Amino acid sequence: MAEVKINILLAEDDVSLGPLLKEYLEAKGYQVGLAEDGEKASQMFFKHNYDLAILDVMMPQKDGFTLAKEIRKANPHIPIVFLTAKSMKEDTLEGFKSGADDYITKPFDMEELLARVQAVLRRSNKSLVQDENMKVFKIGNFTLDSEKQILTINDKQIRLTSKENQLLRMLCIHKNQILDRTFALRSIWNDDNYFNGRSMDVYVAKIRKYLKEDPNVEIINIHGKGFKLHVKE
Numbered sequence: 038m039a040e041v042k043i044n045i046l047l048a049e050d051d052v053s054l055g056p057l058l059k060e061y062l063e064a065k066g067y068q069v070g071l072a073e074d075g076e077k078a079s080q081m082f083f084k085h086n087y088d089l090a091i092l093d094v095m096m097p098q099k100d101g102f103t104l105a106k107e108i109r110k111a112n113p114h115i116p117i118v119f120l121t122a123k124s125m126k127e128d129t130l131e132g133f134k135s136g137a138d139d140y141i142t143k144p145f146d147m148e149e150l151l152a153r154v155q156a157v158l159r160r161s162n163k164s165l166v167q168d169e170n171m172k173v174f175k176i177g178n179f180t181l182d183s184e185k186q187i188l189t190i191n192d193k194q195i196r197l198t199s200k201e202n203q204l205l206r207m208l209c210i211h212k213n214q215i216l217d218r219t220f221a222l223r224s225i226w227n228d229d230n231y232f233n234g235r236s237m238d239v240y241v242a243k244i245r246k247y248l249k250e251d252p253n254v255e256i257i258n259i260h261g262k263g264f265k266l267h268v269k270e
């Protein structure tokens, strides 16, 4: 089986440094998506699954602190490393308030950045990263095969639509945790507008009906936040 690469979101507006960091990290075996501004980085984050984010603090469109808060709201588990040309204590504190796991000041040595990235990944909760690459999930008495888009309980098979499958898989990845509504909408529907929101509610209702066969499995509405796939162990 091929080794699954750690996927890194790199947000760096320096046209010289960004591609250099991307090339270096890829040479070290990582998969890297490069964004030249904060808004593009935000769009990329909601379209792809990333295991770690490296964010420059000072960027056009959206600064690193704002982007980090947005990322943290959608995915509280993803490790974040800030890059900054400043060394002021206030900026460091603001970085950690925004959800940083580490902070590195420019100019820095490439090997230092690599060591920081490796340390943050070791400290982080790896279970979610592993779940992002899983195809088969156990949900109480159910089994979801997301590759085949089939939900099974006992000998009964339920063939899911593409949207049902994507949404249930995302709920499984966040099992017993809150799945942020905006994150789910942008990831699956590519837009969190009102009409897509209503569409997602319909799909949640359909999935709830499928899951009724196991009383230990339910999807809970978390008002103002999103949904939680609650499974009694």
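First residue of the sequence shown? That's 38 in my numbering, and the numbers climb one at a time after it. For every residue, glycine included, the Cβ atom is placed at its ideal position computed from N, Cα and C. Computed from a prediction, not measured in an experiment: that's the story for all the values here.
First and last residue of the beta strand (DSSP E) that includes residue i?
i, result
"Glu255", "254-259"
"Ile187", "187-190"
"Ile176", "173-176"
"Ile225", "Careful: Ile225 lies outside any beta strand (DSSP E), inside the alpha helix (DSSP H) at 218-225."
"Tyr140", "139-142"
"Val268", "263-268"
Assign residue i to buried or exposed, taking buried as 16 or more other Cβ atoms, counted over all protein chains shown, within 10 Å of its Cβ.
i, result
"Thr121", "buried"
"Pro116", "buried"
"Gly101", "buried"
"Phe174", "buried"
"Phe232", "exposed"
Between which two residues does the alpha helix (DSSP H) harbouring residue i extend?
i, result
"Ala78", "75-84"
"Ala275", "Residue 275 is absent from the structure shown; the chain starts at 38 and stops at 270."
"Gln155", "147-160"
"Ile115", "That residue, Ile115, is in no alpha helix (DSSP H); it is neither H nor E in DSSP."
With DSSP run on the structure shown, which of helix, strand or coil describes residue i?
i, result
"Lys59", "helix"
"Tyr247", "helix"
"Thr198", "coil"
"Asp50", "coil"
"Val69", "strand"
"Gly234", "helix"
"Tyr240", "helix"
"Ala122", "coil"
"Ile210", "helix"
Measuring alpha carbon to alpha carbon, tell me which of the options ends up nearest residue i.
i, options, result
"Ser183", "Ile210, Pro252, Val157, Gly66", "Ile210"
"Lys99", "Phe83, Ala78, Ala90", "Ala78"
"Asp146", "Leu54, Gly261, Ile259", "Leu54"
"Glu250", "Thr219, Leu188, Tyr240", "Leu188"
"Glu49", "Ile43, Asn230, Leu57", "Leu57"
"Lys65", "Gly177, Val154, Ile195, Phe179", "Val154"
"Ala242", "Asn230, Tyr231, Glu255, Phe232", "Glu255"
Alpha carbon to alpha carbon, what distance is there between residue j and residue i?
i, j, result
"Asn253", "Leu266", "10 Å"
"Leu92", "Ser199", "32 Å"
"Ile225", "Gln203", "7 Å"
"Ile257", "Phe264", "6 Å"
"Lys246", "Gln68", "38 Å"
"Met237", "Phe82", "20 Å"
"Lys59", "Gln186", "34 Å"
"Arg235", "Asp88", "29 Å"
"Val157", "Leu150", "11 Å"
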